[in-house]
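For reference, the structure is listed below as structure tokens.
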Amino acid sequence: MINESRRGFMGKAFGAVAAVGAVGSLVAMKKTWDPLPSVMAAGFTTVDVSKLSDNKLEIAKWQGKPIFLLRFAADMPAVEKRSVKVGEHYYSIMIGLCTHLGCIPAYRDATHDFKCACHGGEFTAAGVHTFGPPPRPLDIPPFSIKDENTIVLGEAGPEYKALIASLSTDSNIA
Amino acid sequence: MAEFEKANSVGEWFDQRLNTSGFWRVMMTEYWIPKNINFLWAMGALLAMMFTLLLVTGIFLLMYYKPDVNMAFDSVNYTIMQEVAYGWLFRNIHGVGASVVFLIIYIHMFTGIYYGSYKKGREMIWLSGMLLFVTFSAEGFSGYMLPWGQMSYWAAYVITEIFGGIPFIGDELVIWIRGNFYVSDATLTRFFMLHVLLIPMAILGAIVFHFYTLRFPHVNNEEGEFFDYKEESEKYLKGDKAHSKVIAFWPDFLSKDFMVITIFMIFFFYLVFYNNDFAMDPVNFDKADGMKTPAHIYPEWYFLWSYEVLRGFFFDIAGISGKSLGLMAFGFAQAIFMLLPWLDRSPMVKPANQRPIFKYWFWFLMADLFILTIFGKLPPTGANAWVGFASSVTFLVLFIALPFLTKIEAKIAGGK
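Order-wise, the sequence lines are chains A and B.
Here the first sequence stands for residues 1 to 174, numbered as in our numbering.
Here the second sequence stands for residues 1001 to 1416, numbered as in our numbering.
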């Protein structure tokens, strides 16, 4: 009896130490796989929109993601809650990754739309999905308008906040 | 310590210390295999052979490969393919082998399904085999990333993005898996680790376990016949090999396997030397570029059927988005084969052609997987999208219907 209770105590003590060790190890392993601080801090991208021309897609890079910048031509109507007015012109500012599985859709300037080659998704020039598996319009990155020619990606300015606020009040965007 | 006599030979010296003769007897000369089998039963030994080949060529590639986004592409396409003596050979064997090993896995798997080798005591054989299929798939996927070509990059991108569909934690999970917001150096080095260490270790363990699961239920045979192994093996040991229903693993069974391996190796090295294009996608000879998606992304041929199930649902149904439906169907397709022993409600262990209903189910499944594979490679536009949708739905329906069909079959057969 005495031996068994001693053995039982040793078992429980080992179990407790092992459990603490196991939890600690799992936390450390999980954190080792986290993105590094330098990655998380990957900062801001400044874009000069005066270099853009009508109906011609330019792609900027922000946090390793392609950002679509498209200046609307006069015959392309601005889309409420999606188009951004900087200076004289309306623009699409969107993360250029298909909301289905992250391929980069190609812009077809003749038809004013985007076509994703991977799974056939289609978006309008304003990034609204019109065909295929994409579940939502192209995402809009945080941006702020500095002056009539300059925007900064990664910084949430008042125009961006207004845009996001108007989206969240309308739950049926799709 | 036990008394040891002076050994008269090297063999005896080891036998005294390791009981090598006993081990050999248990593992080889008295491990019993049914006599009533055909060449399809050689796929297991063939897979062990292929795994060894992949392991050895992998070790040689490892000596020159550099897991770094700036060096990986050149270390494969320049250093290994052009500078290292016979580097091209090791790469071709590794690349072609990775593709062909899945062909053999599928033959092995569908042989098991055709002959009902997954039920009535053989459930663990099936489950451990499916575990190997999953680990081989992970190995194939992680290895495909390493040459750091365009297809490597975008396959990695699309497949890691799939985890984003998991509710609540999806977006954070994708970043965690990649170690960055996009597929990057951190992603390459961690998948390199998985490919050369963690997954191969898991595979080795799973192979040993898979062999062990065969020990007690024994290998199935062509007629699904159950018999007394003790009685039959005694007949064999007494010398009545003609009337015994079993043969020894060695030398009887393995010598036939070696014949199949010999023929297969001639075919395999023909592919390695003269016809290796199918395993070397031309798109992957462009260096990875995160800012440029190739016009058309597709996985290697062995993932095409599940890829097609993933993208088959391209429109919303009942308020659920096409993306969510695709992901659910994809998850279903990955998991459902595991449950086969419990979905098949018929107690019959017979080849499919002797089962009144299962034979149709089996060949329907084969045809559907064939169509999914073909359309998985085609661009998902117009009519192709609809064929993909129909064949994806057919896949789901086949597995949902299986318990009911086999229940009916059990009644027809009168519980035989």
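Each residue gets a CB set at the ideal place from its N, CA and C atoms; glycine is no exception.
Give the range of the beta strand (DSSP E) segment to which residue i is assigned.
i: residue 89 of chain A; result: 89–95
i: residue 65 of chain A; result: 65–71
i: residue 129 of chain A; result: 129–131
i: residue 107 of chain A; result: 106–108
i: residue 1248 of chain B; result: 1246–1248
i: residue 153 of chain A; result: 150–153
i: residue 59 of chain A; result: 57–62
i: residue 144 of chain A; result: 143–147
i: residue 979 of chain B; result: Any answer about residue 979 of chain B is impossible in this case: the structure gives chain B only from 1001 up to 1416.
i: residue 123 of chain A; result: 122–124
i: residue 85 of chain A; result: 84–86
i: residue 48 of chain A; result: 45–48
i: residue 1032 of chain B; result: 1032–1034
Residues in the same chain with beta-carbon distance under 6 Å from residue i, minus the five sequence neighbours each way, listed in chain order, please.
i: residue 1271 of chain B; result: 1096
i: residue 20 of chain A; result: none
i: residue 1338 of chain B; result: 1130
i: residue 1143 of chain B; result: 1195
i: residue 120 of chain A; result: 132
i: residue 79 of chain A; result: 126
What do you reckon, are the CB atoms on residue i and residue j nearer than 7 Å?
i: residue 1385 of chain B; j: residue 1314 of chain B; result: yes
i: residue 1321 of chain B; j: residue 1406 of chain B; result: no
i: residue 1330 of chain B; j: residue 1310 of chain B; result: yes
i: residue 1349 of chain B; j: residue 1035 of chain B; result: no
i: residue 1298 of chain B; j: residue 1377 of chain B; result: yes
i: residue 1171 of chain B; j: residue 1164 of chain B; result: yes
i: residue 45 of chain A; j: residue 60 of chain A; result: yes
i: residue 1352 of chain B; j: residue 1078 of chain B; result: no
By the criterion of Cβ-Cβ separation under 8 Å, what are the contact partners of residue i in chain A?
i: residue 1175 of chain B; result: 35
Which residues in the same chain have their Cβ closer than 8 Å to the Cβ of residue i, if we skip the five residues on either side of it in sequence?
i: residue 1181 of chain B; result: 1175
i: residue 1051 of chain B; result: 1101, 1203 and 1207
i: residue 1047 of chain B; result: 1101, 1104, 1105 and 1108
i: residue 1008 of chain B; result: none
Which residue marks the beginning of the alpha helix (DSSP H) containing residue i, and which one marks its end?
i: residue 1359 of chain B; result: 1358–1377
i: residue 114 of chain A; result: First-last for residue 114 of chain A: 113–115, but that is the beta strand (DSSP E), not the alpha helix (DSSP H).
i: residue 1015 of chain B; result: 1010–1018
i: residue 1156 of chain B; result: 1150–1162
i: residue 1040 of chain B; result: Neither: residue 1040 of chain B is in no alpha helix (DSSP H) and is coded neither H nor E.
i: residue 1262 of chain B; result: 1254–1274
i: residue 1171 of chain B; result: 1170–1178
i: residue 1185 of chain B; result: 1185–1193
i: residue 1114 of chain B; result: 1087–1114
For a contact meaning CB atoms closer than 8 Å, what does residue i contact in chain B?
i: residue 104 of chain A; result: 1291, 1292 and 1293
i: residue 59 of chain A; result: 1291
Starting from residue i, find everything on chain A with Cβ-Cβ shorter than 7 Å and list it in chain order.
i: residue 1184 of chain B; result: 64
i: residue 1418 of chain B; result: With chain B running from 1001 to 1416 in the structure shown, residue 1418 of chain B is simply not present.
i: residue 1157 of chain B; result: 102
i: residue 1161 of chain B; result: 101 and 102
i: residue 1070 of chain B; result: Within chain A, no residue comes near residue 1070 of chain B; the closest Cβ sits about 15 Å away, beyond 7 Å.
i: residue 1180 of chain B; result: 35, 39 and 64
i: residue 1326 of chain B; result: 133
Using a cut-off of 7 Å between C-beta atoms, extract the partners of residue i located in chain B.
i: residue 132 of chain A; result: 1314
i: residue 137 of chain A; result: Those do not exist, as residue 137 of chain A stays about 13 Å from chain B at its closest Cβ, beyond 7 Å.
Run down chain A in chain order and give the residues with a C-beta less than 9 Å from the C-beta of residue i.
i: residue 1296 of chain B; result: 117 and 118
i: residue 1375 of chain B; result: Those do not exist, as residue 1375 of chain B stays about 12 Å from chain A at its closest Cβ, beyond 9 Å.
i: residue 1220 of chain B; result: Neighbours of residue 1220 of chain B on chain A: none; closest Cβ ~40 Å, over 9 Å.
i: residue 1482 of chain B; result: Given a span of 1001 to 1416 for chain B in the structure shown, any question on residue 1482 of chain B remains unanswerable.
i: residue 1385 of chain B; result: 119, 120 and 132
Which residues of chain B have a Cβ atom closer than 9 Å to the Cβ of residue i, listed in chain order?
i: residue 142 of chain A; result: Simply none; closest approach about 13 Å.
Keeping to the same chain, check which residues put their C-beta closer than 7 Å to that of residue i; ignore five residues upstream and five downstream.
i: residue 156 of chain A; result: 142 and 144
i: residue 1011 of chain B; result: none
i: residue 14 of chain A; result: none
i: residue 1293 of chain B; result: 1154
i: residue 1246 of chain B; result: 1032, 1033, 1034, 1035, 1229, 1232, 1233 and 1236
i: residue 174 of chain A; result: For residue 174 of chain A, the predicted model reports a pLDDT of 35, less than 50, meaning its position is unreliable and no value from the coordinates is stated.
i: residue 1421 of chain B; result: One cannot answer for residue 1421 of chain B here, as it falls past the ends of chain B, which runs 1001 to 1416.
i: residue 1400 of chain B; result: none
Is it a yes or a no for the region 1215–1234 of chain B touching the region 1141–1160 of chain B, going by three-plus beta-carbon pairs under 8 Å? no
Could you say if the region 1241–1258 of chain B and the region 1024–1042 of chain B meet the contact criterion of at least three C-beta pairs nearer than 8 Å? yes
Given 8 Å, three or more beta-carbon pairs between the region 62–80 of chain A and the region 91–108 of chain A: yes
Decide if the region 1090–1110 of chain B is in contact with the region 1201–1211 of chain B; the criterion is three or more beta carbon pairs, one per stretch, under 8 Å apart. no
Is the number of C-beta pairs between the region 1018–1028 of chain B and the region 110–117 of chain A that are closer than 8 Å three or more? no
Decide if the region 1276–1296 of chain B is in contact with the region 1360–1370 of chain B; the criterion is three or more beta carbon pairs, one per stretch, under 8 Å apart. no
Is there contact between the region 20–38 of chain A and the region 48–65 of chain A, where contact requires at least three CB pairs shorter than 8 Å? no
Report yes or no: do the region 1369–1376 of chain B and the region 1386–1406 of chain B share at least 3 C-beta pairs separated by less than 8 Å? yes
Does the structure place the region 1077–1090 of chain B close enough to the region 1047–1064 of chain B that three or more beta carbon pairs sit under 8 Å? yes
Is the number of C-beta pairs between the region 1003–1010 of chain B and the region 73–87 of chain A that are closer than 8 Å three or more? no
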